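Counted from 1, the sequence shown has number 160 at position 160 by the UniProt record's numbering; the numbering is strictly sequential.
We put the CB at the ideal spot given by N, CA and C, even for glycine.
Everything numeric in this text was worked out from a predicted model, so none of it was measured.
Single-structure report; data block below.
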Amino acid sequence: MVTAALRPSEVLVDETAIYDNVQHALTRLPKHTELFAVVKADGYGHGLLRTARVAQAAGATGFCVAVLDEALALRQAQFTEPILVLGIIEPAYAGIAAANHIAVPVGDRDWLTAASVVLTAAGTLPKLAVHFAIDSGMGRIGFRDAATLASAAEQIADSDQYTLEGVFTHFATADSPDDAYFKEQVAKFNDCLAALPTRPRYVHVSNSATSLWHAACHGNMIRYGVAMYGLNPSGRAIPTTPYELEPALSVVSRLSFTKLLHAGDAVSYGATYHASGDEWIGTVPMGYADGWLRRLQGFHVLIEGQACEIVGRVCMDQFMVRMPEPFAVGTKVTLVGRSGAAAITLQDVADYADTIHYEIACNLTARLPRRSVRPLA
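Structure representation (structure tokens):
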């Protein structure tokens with residue numbers, strides 16, 4: 001997708017906020033516990049390389065990504081820290097991961113067998129670092145019982161192609177006030193961990209939510225994800241966090257057109273909105289192709305600190321707002337962020353769209369330029 005640099009709509013990324021969030025997390029970690037920055041999905045929409053650089057400066061000692069391509073992008077950008085891919089890769093790409101010193105998850109013995117064929121055919125390569133994934137209750141990837149896990153550990157011990165670098169699980173309800181299911185997952189993980197003959201270098205169970213609200217489960221590494229970007233992993237379910245999370249993302253634009261409508265005049269596709277009287281309407285050059293969801297009709301933006309309702313359907317590239325006065329073309333429009341004394345958070349947008357802030361941030365497409373504010377020196 002082409003980045004629309006010659007248009008006023010853009011995402012602003014506060015580098016200092018990301019830095020501060022990582023620093024706050026680090027100060028709470030037990031001694032000898034590492035923090036891997038989760039920079040998948042283009043850094044949750046904030047920019048892969050930007051967030052990796054800031055997290056590295058703040059003290060992150062490694063990175064987690066979702067797919068092998070993201071890990072390779074970090075290597076190509078000269079990041080030398082440990083990198084873990086969190087999703088299962090195809091065995092056919094095991095040689096690429098090994099050659100680039102990228103760790104991958106393993107959730108069954110069949111994967112090890114298939115990847116061994118690929119590694120043998122590739123010739124001389126570094127050992128492939130693997131992390132055993134344990135499905136303690138997420139139902140996504142991983143070994144589901146201690147016996148199978150122990151068998152896979154024996155398979156690796158008998159091979160010169162792999163090194164068991166880590167073991168991990170992912171909690172389904174770490175961001176819930178009810179911790180009953182969380183405790184069940186902890187117990188299952190501990191049973192599986194006890195089945196390993198030796199403890200690997202990294203034992204990690206903590207995502208952002210776990211690191212914030214379940215300190216006893218840190219292991220010796222945390223995967224610091226959405227909280228790094230200043231977002232509460234629980235949404236509003238657990239409003240209190242051990243330290244203040246600083247939101248790092250804003251979305252802004254400028255009015256591209258204004259007009260005075262009269263009673264009965266319609267706005268946008270389907271003519272779902274009609275002016276009730278004389279109304280000033282402004283057009284914002286951004287739409288659902290940029291990730292500003294069609295279902296945000298009826299929500300609002302901020303113009304000079306005033307809430308302006310989105311009227312009519314959000315179009316692919318533009319949407320319209322009802323304004324309390326005839327703001328001039330070129331006036332700043334805040335979609336996410338602060339304007340005067342008012343503010344709109346990603347959580348506010350998510351609440352209206354009946355989703356989570358993760359989705360809103362990740363939906364912001366590459367057509368929107370990303371620009372750093374409060375950059376690190």
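- The C-alpha of E184 lies about 15 angstroms from the C-alpha of D175.
- Remark: C-beta atoms of A58 and V39 do not approach each other more closely than 9 angstroms.
- The criterion of a C-beta distance shorter than 9 angstroms is not satisfied by M323 and I360.
- Between V333 and R254, the gap from beta carbon to beta carbon is short of 9 angstroms.
- Distance check between A350 and each of V205, W292, S268 places W292 closest, using alpha-carbon atoms only.
- With a cutoff of 9 angstroms on beta-carbon distance, V104 and V85 are scored as near each other.
- Look at the region 118 to 175 and you find these whole runs of alpha helix (DSSP H), each 4 residues long or longer: 146 to 157.
- Residue state for W111 is assigned as helix, using DSSP reduced to three classes.
- Burial is judged here by how many other beta carbons sit within 10 angstroms of a residue's own beta carbon; A97 has at least 16 and is buried.
- Ranked by Cα distance from Y93, the options G87, I344, A115, A147 are led by A115.
- In the structure shown, R338 falls within a strand segment according to DSSP collapsed to helix, strand and coil.
- Taking a contact as a CB-CB distance under 8 angstroms, the pair F79 and F36 does not count as one, their CB atoms being some 12 angstroms apart.
- Ranked by Cα distance from I141, the first of G107, L128, L48, L149 is G107.
- Assignment of R53 by DSSP, reduced to helix, strand and coil, places it in the helix class.
- Annotation for E279: L261, R322 place their beta carbon closer than 7 angstroms to its own, counting only its chain and skipping 5 residues before and after.
- Here Q306 is bridged, per DSSP, to I303.
- In the assembly as shown, Q318 is a buried residue. Its beta-carbon has 16 or more other beta-carbons within 10 Å.
- The residue among G219, L302, A5, G312 with its C-alpha nearest the C-alpha of R295 is G312.
- Looking from the CA of A129, the closest CA among L112, G47, A17 belongs to L112.
- Apart from the 5 residues on each side of it in sequence, D290 sits with its Cβ closer than 6 angstroms to the Cβ of T365, R367, L368 in its chain, given in chain order.
- Assigned with DSSP and collapsed to three states, Y243 falls in coil, not helix or strand.
- Straight-line measurement puts the Cα of A237 at about 28 angstroms from the Cα of A133.
- DSSP, read as helix, strand or coil, puts H101 in coil.
- Rounded to the nearest angstrom, the Cβ distance from N21 to L245 is 6 angstroms, consistent with a contact under 8 angstroms.
- Going by C-alpha positions, D145 is about 11 angstroms away from N190.
- Look at L296 here: in three-state DSSP terms it is helix.
- R199 and L193 have their alpha carbons spaced roughly 8 angstroms apart.
- Selection S159, E34, D42, P91 evaluated against E70 yields D42 as nearest (Cα-Cα).
- Assigned with DSSP and collapsed to three states, M221 falls in strand.
- Annotated three-state conformation of H32 is coil, per DSSP.
- In the three-state reduction of the DSSP assignment, A237 falls in the coil class, being assigned neither a helical nor a strand state.
- Secondary structure at M228: helix, using DSSP grouped into helix, strand and coil.
- The C-alpha of L302 is placed about 9 angstroms away from the C-alpha of G340.
- Beta-bridge pairing by DSSP links G282 to T258, V321.
- The beta carbon of A209 lies closer than 6 angstroms to those of A174, D175, P233 in the same chain, with the five residues before and after it left out.
- Our two residues, H357 and T3, have alpha carbons roughly 23 angstroms apart in a direct line.
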